[in-house]
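Enquirer: Dropping a structure here in structure tokens format, bear with me for questions.
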Amino acid sequence: MSSRPRVIVAFVGTALVVGYAVVGSLQVLVWNPLAAVPGATLSEIHVELDRAGQSFSPAPVILWAVLGVAAAASLAVSASRSDGLALSHLAFGYSLLLVGGAPSFFFVAFSPGMQLADGFGISGGDHSPWARPLYVTSFLAMIVAIATAGLAITTSRRRAHTS
16 MSSRPRVIVA FVGTALVVGY AVVGSLQVLV WNPLAAVPGA TLSEIHVELD
66 RAGQSFSPAP VILWAVLGVA AAASLAVSAS RSDGLALSHL AFGYSLLLVG
116 GAPSFFFVAF SPGMQLADGF GISGGDHSPW ARPLYVTSFL AMIVAIATAG
166 LAITTSRRRA HTS
């Protein structure tokens, strides 16, 4: 099999993970705080959080994004170096990365959301709508993961019966 299809899947998969990381980071660090405190600038929000003893570090969010992108990049490198890697396995790998995005995003967004809630006396949920596309992406990736796993099982059973 030509490496071109693997390169395309690796490029698309990595681009999706990078997009997920960028949107997730912006959601937690910029969009949600601005939506939670309408009319305030990001600096005003952080000054008030500091005053209330509820400031949060962007480090966990940045680490989350970097780890996700690094995992996608390592999968892309594996795809480029392995002639035996089936497209379904590669798609499955990227799908699992995106499926894992939802729980890991929730985990990394929880503390900043609670600190906004405590600092401003508001609910700790998402105030910006931009978390929804992340959860939808993870759900769709779960469907792709199930489909590619089914395809891989069916293909391996066919090979076993023909040999």
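Counting from 16, one number per residue, gives the positions in the sequence shown under the working numbering. Backbone N, C-alpha and C fix where the C-beta goes; we use that ideal spot for every residue, glycine too. The structure displayed is predicted, hence computed values, not measured ones.
(1) Residues in its own chain within less than 6 angstroms of residue 40 by CB, not counting five upstream and five downstream?
(2) Are residue 56 and residue 107 close, meaning C-beta to C-beta below 8 angstroms?
(3) What is the C-beta distance between residue 104 and residue 167, in whole angstroms, given that I count them as a contact (C-beta under 8 angstroms)?
(4) Fully enclosed by the stretch 20–100, which alpha helix (DSSP H) runs are 4 residues long or longer?
(5) Identify, in the order they occur along the chain, each residue of the same chain with its Cβ nearer than 7 angstroms to the Cβ of residue 113, setting aside the five sequence neighbours on each side.
(6) In this structure, how does DSSP classify residue 158 when only helix, strand and coil are distinguished?
(7) So, at 6 angstroms on beta carbons, what are the nonlocal neighbours of residue 128 in its own chain, with the 5 sequence-adjacent residues on each side left out?
(8) Measure the CB-CB distance between residue 159 and residue 110 and report whether it falls below 8 angstroms.
(9) Would you kindly work out how many angstroms separate the C-alpha atoms of residue 94 and residue 22, rounded to a whole number?
(10) With a threshold of 16 other CB atoms inside 10 Å of the CB of residue 117, please say whether the residue is buried or exposed.
Expert: Checking against the coordinates, here is how it stands:
(1) The residue labelled residue 40 in the question sits at position 25 within the sequence shown. So the qualifying residues of the chain are 76 and 80.
(2) If you number the sequence shown from 1, residue 56 lands on position 41. If you number the sequence shown from 1, residue 107 lands on position 92. Not closer than 8 angstroms, so no.
(3) Counting from 1 along the sequence shown, the entry for residue 104 is found at position 89. Counting from 1 along the sequence shown, the entry for residue 167 is found at position 152. About 6 angstroms separates the beta carbon of residue 104 from that of residue 167, a gap short enough to meet the 8 angstroms contact definition.
(4) 47–51, 57–66 and 74–96
(5) One-based indexing of the sequence shown puts residue 113 at position 98. So the qualifying residues of the chain are 31, 32, 35, 152, 153 and 156.
(6) Counting from one through the sequence shown, the residue named residue 158 turns up at place 143. It is helical.
(7) By one-based count along the sequence shown, residue 128 stands at place 113. For residue 128, where only same-chain residues beyond five positions count, the Cβ hits under 6 angstroms are 139.
(8) Along the sequence shown, one-based indexing puts residue 159 at 144. Along the sequence shown, one-based indexing puts residue 110 at 95. For residue 159 and residue 110, yes; Cβs fall inside 8 angstroms.
(9) To locate residue 94, count along the sequence shown from 1; it is residue 79. To locate residue 22, count along the sequence shown from 1; it is residue 7. About 7 angstroms.
(10) The residue labelled residue 117 in the question sits at position 102 within the sequence shown. That one is buried.
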